[in-house]
Structures are given as C-alpha cells and as structure tokens.
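Residue 295 is where the sequence shown starts when you use this note's numbering, and the numbers rise one by one after that. Glycine included, C-beta positions come from ideal geometry on N, C-alpha and C. Here is the structure we will look at, set down as structure tokens.
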Amino acid sequence: MLFNENQITYTMDLVQFVENEFIEKKDFPEFQAGDTITAYYEIKEGQKTRTQFFKGTVIQVKGSGATKTFTIRKMSGTVGVERIFPINLPALQKIEVNKKGSVRRARIYYFRELTGKRARIKEKMTAQTPKAKAKK
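As structure tokens, then:
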C-alpha cells in the first residue's frame, strides 16, 4: 500500500487524498469568464518539443480542484476556435492574464454568436497604483 489507512480521516474523501498527495499543483493566476488570457503549452513532435501559445477569451471555467478545466475561444480569420484545457495538464506551462473582462455571467456561450464590434467585452476597471498614476 502507498499510504497508511491512519492518514485518511473519515471526513477526507479518498479522491481528495489522492489529489492532495500525488497531483502537483501549479501556481497559475486567478481568471474568470470574460478575461483574455494566453495559455502556453508544450507540444511534442517526434523527438522535439516546442512551446505553443493559445490567446483568447475565457468562455467558461468548470469544476474545482484537480478536475478544473477552462475553455478559451479565439478568432482565427473568420473561424472561431475553442480549446478546452485541464488546469492540471502536464504540458501546460504558464498562463498570462492579458485583460480582465467585465461580464455578468459565469459561462458566456452567447459570445459565440457575436461578430464584429458586438464581440467586444468591456475591460474591468481596476484601482491604479500610485506608480501608474505618477506616469500619467
């Protein structure tokens, strides 16, 4: 056995125990639906590995803990491309939050039908730091 039965308390689920012990946690920034992010992930082509990025708008964040996933949508020409990333994907190297978006829904599926200027998301206004104010 990999662990003692004494280590597992009655309140802790076995699945939670395995998640806490064996799945490595990566330190990604917090993001939500409406944010524009860039996800950098590793691709293996034969013997070579290279890093590719996917920049787009977060449509949804689903699940929690080790089973958390997020969907990013970007426009490639006139075609919309969506990609679902598990948060614990070993190939996922880093996530950058480019813009914070202001939306009223947790899942913005209506964003798929919008085109042109209607497909813009308002940027969330944040309090400026004293340094940023001094630059103006």
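Looking at the DSSP output, Glu376 shares a beta bridge with Arg367.
With fewer than 16 other beta carbons inside 10 angstroms of its own, Phe316 counts as exposed. A straight line joining the alpha-carbon of Glu313 with that of Phe347 spans about 27 Å. Between the C-alpha atoms of Ile366 and Ile337 there is a straight-line separation of about 18 Å. The beta carbon of Gln310 lies closer than 8 Å to those of Gly359 in the same chain, with the five residues before and after it left out. Nearest Cα to Gln354 within the set Arg377, Tyr335, Tyr334: Arg377. Val397 sits away from Ala333, with the two beta carbons spaced by 8 Å or more.
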